[in-house]
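Read the sequence shown against the working numbering and you will find it ends at 75, with the numbers running on by one and no gaps. Virtual Cβ for every residue (Gly too), placed ideally from N, Cα, C.
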Amino acid sequence: VEELERGFELKRVAAELSQALQRGDVPGNDGVSRKGQRNLSALATNMVRELTLLLRRRGVVLGDA
């Protein structure tokens, strides 16, 4: 159940990141602005996945685990 909740939270983070990318609030992971572009959910999901993997490699525990 906790794993599902964490997955749900990461999906929410990816959705918020996708919207921020579209508004131009943050650049893509290559530094290029994505302002006004559509269908950024895959890019945002990939960015969140890369971030969580980096944090895990650095020993940062996400959630209550």
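- The stretch 15-23 and the stretch 41-52 do not touch, with fewer than three beta-carbon pairs separated by less than 8 Å.
- Pairing residue 27 with residue 58 gives a Cβ-Cβ distance under 8 Å.
- The three-state reading of DSSP puts residue 21 in helix, counting H, G and I together.
- CA-CA distance, residue 35 to residue 41, rounds to 12 Å.
- In the DSSP assignment, residue 67 falls within the alpha helix (DSSP H) that extends over 51-67.
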